[in-house]
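Reading through the structure tokens given below for one structure.
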Amino acid sequence: MEKNLNQISPPTYSEPEPSDVDTNPAIYTGASNIMTRAQIADIGPPPAYDSILVNQEPPKTNVRHDDRNLWEKVHEWFEMSSLKYDGNCSRIHYDGKGKKVEEIDLPSFMKAEGGVLCAYILFVFGCRLLSICDTKRKQRIKRADVEGRKKCEGNLFFIWFSLSIASSVLCSIGASKVIPFYKYDVSKNYTFNCDSEFYSFYHNAKIGQLVVFVPYAAYILIAIFIVIPKGKVWFVRRKWRQWASLLDSDQDGIISIGDMEKINARLDALRRAIGDRTTALDAEKQKKWWNDHIFKRGVNKDISIDGYINYLEGIYNPADMEEKMRPVITGFFNFFTTPDFRKKNLPFVEEDFIKFWTILTNMDELHCKRLFIRHFLNPLTMASFLEDFVAFLAYNDFFDENTTRVHNILKPPRK
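The sequence shown begins at 1 in full-length UniProt numbering and counts up by one.
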């Protein structure tokens, strides 16, 4: 049995009306979201599936990257510190007549304090670079330039000392200004104008600075008045131990008759290698030198290194120690040279210097060469070398290079 179904025709696309035909806007012509064929043709085809994965757009971020270099950032920090809060944190004290009595401007003082501190840091950094360059130099210092170098070092020390004092004074004054900034006498007339963010930063920074500065200042004072005086005593005792160990050939802590014979043999080898003495020093004079200056427990009696150091400590007097040590070193040098040869002031060249230490102490040649360039002046003579030995035993000032030359070369080389 057939059923009669109502035939429903498909919807037709709405065609654009001719421009010359008037349409009634009240008549509904169809759905508004139905597009014409021409409009569909204008739209591009949908993207392929692969292109969605391959052609990805770069991700967008809300973070702004800072492409400035370090110098630009530091420059901007200085500008911000000098401009952003300039004049925005001050306290003014007026008297009863409205006249300004006192004004505290924290940003200006902070800039002054920061400038001195930056100058101090840059100066110390520059001096450190100069020191590193001096240790790496390949040329010896000329004796004629020594006075100029000492004058320059004195000026650098004066600048460092002045910057240290200025930084310390400004730190203390700044603390006395910023910490009690809001503590005042209510009976007096004050006017405050200060940014809370700036004051909190300066106040907390000052407290942190004091936490570092106070122990450091205490350390400096303790070093000047306690550590350095004791360090000088320790330093000269260490140099005496180096000298005594130089005479202890077998390094057993005892300077014995056997050590005397071995050292005499080495000094005679030095005479043949670098000295002008045609014959060895008389045997009686050799024994006399050892008995007069080394064997202090009695003639031909062994002495320990500690006992010899105790003897030197007993006769030590900074005022006349040079006079006491000069005969010791002069007699030691007479084993392989003569006074007339030393008066000639002939150059003591690098080759002879290396021979001296390799024969006497079996020292590494590279170590000798490096310290010869670094510490010994040009020209070096046998007479000036003798003076370096005298200063080595007589003086306790570890800031004076004259007293540290022989000490530095006798120190064990760094690995």
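Glycine included, each C-beta is placed from N, C-alpha and C at the ideal position.
Nothing here was measured: the structure is a model prediction, and the numbers come from that model.
- Between LEU270 and ILE359 a beta carbon distance of about 5 Å is seen, short of the 8 Å cut, so the two are scored as contacting.
- Taking C-beta atoms under 8 Å as the contact rule, TYR120 and SER172 fail to qualify, at a distance of about 15 Å.
- Apart from the 5 residues on each side of it in sequence, PHE372 sits with its Cβ closer than 7 Å to the Cβ of GLU350 and PHE353 in its chain, given in chain order.
- In the structure shown, TYR316 falls within a coil segment according to DSSP collapsed to helix, strand and coil.
- Around ILE263, the same chain offers LEU247 and SER249 as residues with beta carbons nearer than 7 Å, after the five sequence neighbours per side are excluded.
- Inclusion of ASP268 and ALA280 in the CB contact set at 7 Å is warranted, their separation being smaller than that value.
- The C-beta distance from ARG241 to ILE309 rounds to 6 Å, short enough to fall under 8 Å.
- Counting only residues of its own chain and dropping the five nearest sequence neighbours on each side, HIS203 has a CB closer than 6 Å to the CB of VAL178.
- GLU322 and ASP340 have their C-alpha atoms roughly 22 Å apart.
- Closest by C-alpha distance to GLN286, out of SER200, ALA265 and LYS99, is ALA265.
- The way I'd put it, the region 365-381 doesn't touch the region 198-218; fewer than three beta-carbon pairs between them come closer than 8 Å.
- Per DSSP, SER256 is not a residue of any beta strand (DSSP E), being assigned neither H nor E.
- Counting every other CB atom within 10 Å of its CB across the protein chains shown gives ASP388 a total of 16 or more, marking it as buried.
- Distance from the CA atom of CYS133 to the CA atom of CYS152, rounded to whole angstroms, is 16 Å.
- It is roughly 6 Å from the alpha-carbon of ILE303 to the alpha-carbon of PHE295.
- No Cβ-Cβ contact shorter than 7 Å links GLU103 with GLY174.
- Its chain contains LYS296 as the residues whose beta carbon lies nearer than 6 Å to that of TYR311, once the 5 sequence neighbours on both sides are disregarded; these appear in chain order.
- With fewer than 16 other CB atoms across the displayed protein chains lying within 10 angstroms of its CB, LEU221 is exposed.
- The DSSP-derived three-state label of PRO347 is strand.
- GLY154 and PHE399 have their alpha carbons spaced roughly 12 Å apart.
- In the three-state reduction of the DSSP assignment, ASN396 falls in the coil class.
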